[in-house]
Amino acid sequence: MKKQTVINPLKIDKNIITRIPPSPTGLLHIGNVRTFLFNYFFTKQKNGKIILRMEDTDKKRSKKEFEEHILESLKWLGLSYDGEIYRQSERTDIYKKYLEKMIEEGSAYISKEDSSEDKRAEVIRFKNPNKIIEFEDTVRGKISFDTTELGDFVIAKSLEEPLYHLTVVVDDFEGEITHVIRGEDGISNTPRQILIQEAIDAPCPQYTHIPFILSPDRTKLSKRHGATTVTEFRDKGYLKEAVINYLALLGWNPGTEQEIFSLDELIEKFDLTKIQKGGAIFDIEKLNWVNKEHIKLMSDEDFRNKVLEFLPEEIKDLVNSNEKVFKKLLPIIKERIEKFEDVVEMNQVGDLDYYFSQPEYEVEKLFWKDETDSVLLKKRLEKIIEFLNEVEDFSAEKIKEKIWDYASEEGRGSVLWPMRYTLSGKEKSPDPFVLADILGKEETINRLKNAIEKIDTNNQITQGI
RNA sequence: GGCCCUAUCGUCUAAUGGUUAGGACAUCGGCUUUUCAAGCCGGCAAUCCGGGUUCGAUUCCCGGUAGGGUCACCA
Numbered sequence: 002m003k004k005q006t007v008i009n010p011l012k013i014d015k016n017i018i019t020r021i022p023p024s025p026t027g028l029l030h031i032g033n034v035r036t037f038l039f040n041y042f043f044t045k046q047k048n049g050k051i052i053l054r055m056e057d058t059d060k061k062r063s064k065k066e067f068e069e070h071i072l073e074s075l076k077w078l079g080l081s082y083d084g085e086i087y088r089q090s091e092r093t094d095i096y097k098k099y100l101e102k103m104i105e106e107g108s109a110y111i112s113k114e115d116s117s118e119d120k121r122a123e124v125i126r127f128k129n130p131n132k133i134i135e136f137e138d139t140v141r142g143k144i145s146f147d148t149t150e151l152g153d154f155v156i157a158k159s160l161e162e163p164l165y166h167l168t169v170v171v172d173d174f175e176g177e178i179t180h181v182i183r184g185e186d187g188i189s190n191t192p193r194q195i196l197i198q199e200a201i202d203a204p205c206p207q208y209t210h211i212p213f214i215l216s217p218d219r220t221k222l223s224k225r226h227g228a229t230t231v232t233e234f235r236d237k238g239y240l241k242e243a244v245i246n247y248l249a250l251l252g253w254n255p256g257t258e259q260e261i262f263s264l265d266e267l268i269e270k271f272d273l274t275k276i277q278k279g280g281a282i283f284d285i286e287k288l289n290w291v292n293k294e295h296i297k298l299m300s301d302e303d304f305r306n307k308v309l310e311f312l313p314e315e316i317k318d319l320v321n322s323n324e325k326v327f328k329k330l331l332p333i334i335k336e337r338i339e340k341f342e343d344v345v346e347m348n349q350v351g352d353l354d355y356y357f358s359q360p361e362y363e364v365e366k367l368f369w370k371d372e373t374d375s376v377l378l379k380k381r382l383e384k385i386i387e388f389l390n391e392v393e394d395f396s397a398e399k400i401k402e403k404i405w406d407y408a409s410e411e412g413r414g415s416v417l418w419p420m421r422y423t424l425s426g427k428e429k430s431p432d433p434f435v436l437a438d439i440l441g442k443e444e445t446i447n448r449l450k451n452a453i454e455k456i457d458t459n460n461q462i463t464q465g466i
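Shown next as structure tokens:
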């Protein structure tokens, strides 16, 4: 058998033009964002052009606010496009010319319809040549359809009201689009569009259909399953780098074990032929992990600003009034959050305020496990103060060095638990050395003295003095 | 229902005829440790089913099953 020589469109490196064609009929869905991302990686890698095209021919459903949401989402992600935004609603004349030409040439015709049920009496239908259409999809290989079953489908409601299939083909043709990268719902639409291409003598671009993003129950990802737009993830304190990274990994991987990528690395390593065929479930746990990894990569300054951005007002004043403590607290926050919204939670459960003001607590909680001897407890706290006074360079390490041996002799819990509880007033917190370091020498000793006072007061009450 | 697409641990995936089927997330256990978080180490866990082809199938072919898409005067 003679082998056919075909130029693989994926090998073309010059004059690549792709498009991202959202329809402003709803908030921009995360699935569309991933499709944009794949277009973006591919196009940037090939130094091509990427066109943003608003598919707003449906006047009833298209809304300005949705277009704004699309723009806002892309802007947040930092994805740029070439040239001006281009709206199909502003190109009616162009589609009209094609329609007239098609009607003249006989590839389309005005069709009389049953005008009941709100339908119009006349529409423009495509004259289906009824043939088998075969095309090569980048991820699925050859796909063939018998287009006979499509019938003479409608391509415009009137000369001034073109419909999706016509506008897509005309715009891809006029825009000299070389690669169409879109969701897998486009597969079934492709034969129709190829038919129209043939009718208007337009070339066939390389098609790449990307599988869907699914919810945990394997249905289409929807509101019911939580966030479905990137702006929601932004508002919850996910990093754009993490969202891009995670979305890229959903349905694609470079074939190595690398999982954390910068945008530039994704552009460099992305490969359309490595896209998965099956749909992928959106896993928030993995996104959280990816986000945390990107948080670790942040500069101290960026991290600080981001925390400040999410910090509730009531604690912001405290934070601003004690810059030294806040600076030392940041690493603690960093290891305890997955996304920046988590600082709100930290504040709510009281994991933040005790760094800035004396904690309230019950004296009984100061005792380690079953211990009850308040004289001994007091003695230990006094001893800790003594040690602390001797520490020159008041750092977690030095403090630990100073206290460790004593704590080991007495029983670590017996010394360290009350020390930590005194400083935090919490069952759970960072260790007492780190706490003392953050609080500073003066405040630490202050809180210890305060605890001793509390013990005394408590004893007087219980003894009925 | 017709047509089209898909199928590896719970999840994301690697391995395209020969591997103890690899990694990551999650989970479980251990180390560390006054508590928590983080970190480190380790465990559990998968080729949808049935036929072929082959010395040998996750991998190729056919059938079934399951899931998804599409069949608009939406995009």
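Okay, so the first sequence: first residue is 2 according to the working numbering, each after it adds one.
Quick reminder that beta carbons are idealized off the backbone N, C-alpha and C, glycines included.
query	result
Three-state secondary structure assigned by DSSP to M299	coil
Backbone CA spacing between F213 and G280 [nearest angstrom]	5 Å
Segments assigned alpha helix (DSSP H), at least 4 residues, entirely inside the region 178-204	191-201
Coil, strand or helix - V291 by DSSP	helix
Exposed unless 16 or more other CB atoms sit within 10 angstroms - verdict on P433	buried
Ranges of the alpha helix (DSSP H) found wholly within the region 77-121, counting only runs of at least 4	93-106
Straight-line Cα distance separating F234 from F311	13 Å
Own chain partners of K366 with C-beta closer than 7 Å, once the 5 adjacent residues on each side are dropped	Y422
Short Cβ contact (7 Å threshold) for K379 with I462	no
Where S74 falls, given that 16 or more other Cβ within 10 Å makes a residue buried	buried
Runs of alpha helix (DSSP H) wholly within the region 347-406 (minimum 4 residues, chain order)	375-391
Closest Cα partner of L222 within the set P25, I31 and K15	I31
For P163, the residue or residues it bridges with in DSSP	A157
CA-to-CA distance, D284 to K224, given in whole angstroms	15 Å
Residue burial classification, D57 (beta-carbon count within 10 angstroms, cutoff 16)	buried
Same chain, Cβ closer than 7 Å to R88, neighbours up to 5 away in sequence not counted	M55 and D57
E73 in three-state terms, based on DSSP	helix
S300 classed as buried or exposed, judged by whether at least 16 other C-beta atoms fall within 10 angstroms	exposed
Length-filtered (4 minimum) alpha helix (DSSP H) runs lying within the region 198-282	231-236, 241-250 and 264-270
Span of the beta strand (DSSP E) around E123	E123 to F127
Check whether Q292 and A243 have beta carbons under 7 Å apart	One detail in the question is off: residue 292 reads as Asn in this sequence, not Gln. Cβ atoms of N292 and A243: closer than 7 Å.
Where F146 sits in the DSSP three-state scheme	strand
Cα-Cα separation between S216 and N289, rounded to whole angstroms	16 Å
Nearest neighbour of N131, chosen from V344, P192 and E66 [CA to CA]	P192
Cut-off 7 Å between Cβ atoms - residues of its own chain near L417, not counting five sequence neighbours on either side	A408 and P433
Whole-angstrom distance between K65 and T139, CA atom to CA atom	34 Å
Boundaries of the alpha helix (DSSP H) in which D438 is found, first to last residue	P433 to L440
Coarse secondary structure for I334, derived from DSSP in three states	helix
Beta-carbon gap between I133 and D147 smaller than 7 Å	yes
Under 7 Å between C-beta atoms of S375 and N323	no
Through-space distance from G107 to I52, alpha-carbon basis	32 Å
C-beta contact flag for V169 and Y96 at 7 Å	no
Heavy atom of the ligand NAD within 6 Å of I338 beta-carbon	Here there are no bound small molecules, and the ligand NAD is not part of this structure.
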